[in-house]
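Enquirer:
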Amino acid sequence: MANAVLHDIVRHNTWATRALIDFVIAQRLTPDQLTATGVGTFGTIPQTLEHIVICDASYLRRLAIIDIGWVDTPTVLDLSVLRDRAEELIDRWDRCLAGPPIDTERIVLVDDDTEQTRAGILLAQAINHANHHREQVCAILTGLGIQPPDIQAWEYAWQSGRISAVDDCH
512 MANAVLHDIV RHNTWATRAL IDFVIAQRLT PDQLTATGVG TFGTIPQTLE
562 HIVICDASYL RRLAIIDIGW VDTPTVLDLS VLRDRAEELI DRWDRCLAGP
612 PIDTERIVLV DDDTEQTRAG ILLAQAINHA NHHREQVCAI LTGLGIQPPD
662 IQAWEYAWQS GRISAVDDCH
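Using the working numbering, read the sequence shown as starting at 512 and increasing by one per residue.
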């Protein structure tokens, strides 16, 4: 399967976003904590998480040429809705990767169809963009004195069974 090389990359990306949303929900942050920002960050924790989810859906719909209607709906800033949407994106990305090979040289329109780029660049942007903003949420949490969750690829590997200890018999 031609898209197989992307599975761990994309699955880590979608897992990390959902895991961060789950963490924030579980923390039961106060209104003051939820409206906190940090120097150089996108916005508040809910605003940044929503931005990640909306953009991820936008990238996916362009790559997979599918409709994700809620991408164009007004902002919700409801963490439970964001969690549901992040979960939906895990499934949608998996279906995209299970389909025909992504033509990384295909032209894709971006920025309200005012620019064009290659599908491979859009995929790279999807991964980089989410990582960048998840780190901003983690920085805000750290500034609030809250230890953020481990959402790096190693933790994803442990959680998904994609890594294991070497048997002592070797």
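From the three backbone atoms N, C-alpha and C, an ideal C-beta is built for every residue, glycine too.
How long is the line joining the alpha carbons of Glu561 and Ile601, rounded to whole angstroms?
Expert: Answer to the nearest angstrom: the Cα atoms are 15 Å apart.
Enquirer: Looking at chain B, is there any beta carbon in it that lies within less than 8 Å of the beta carbon of Ile657?
Expert: Of the chains in the structure shown, none is chain B; there is only one protein chain.
Enquirer: Considering only DSSP beta bridges, list what Val619 is partnered with.
Expert: Thr628
Enquirer: Can you give the beta carbon distance from Arg629 to Thr615, rounded, assuming they're within the 8 Å contact cut?
Expert: 6 Å
Enquirer: Would you kindly work out how many angstroms separate the C-alpha atoms of Gln663 and His523, rounded to a whole number?
Expert: 8 Å
Enquirer: Flag this pair as yes or no: are the beta carbons of Leu590 and Pro557 separated by less than 8 Å?
Expert: Against a cut-off of 8 Å, the Cβ pair of Pro557 and Leu590 comes out as a contact.
Enquirer: What is the DSSP secondary structure of Glu529, counted as helix, strand or coil?
Expert: Sequence check: residue 529 is Arg here, not Glu. Correct three-state label for Arg529: helix.
Enquirer: The alpha helix (DSSP H) that contains Ala513, what's its start and end?
Expert: Segment: none, Ala513 is in no alpha helix (DSSP H) and carries neither H nor E.
Enquirer: For Ile618, which option in Asn642, Glu626, Pro611 has the closest C-alpha, if you only look at C-alpha atoms?
Expert: Glu626
Enquirer: How many Å lie between Val592 and Tyr570 at the Cα?
Expert: 19 Å
Enquirer: For Leu590, does the three-state DSSP call read helix, strand or coil?
Expert: Of the three classes helix, strand and coil, the one that applies to Leu590 here is helix, per DSSP.
Enquirer: Can you give me the start and stop residues for the alpha helix (DSSP H) that Ile613 sits inside?
Expert: Unbroken run through Ile613: none, as it is neither H nor E.
Enquirer: Could you name the residues of the same chain whose beta carbon sits closer than 7 Å to that of Val521, not counting the 5 residues immediately before and after it, in chain order?
Expert: Trp604, Leu608
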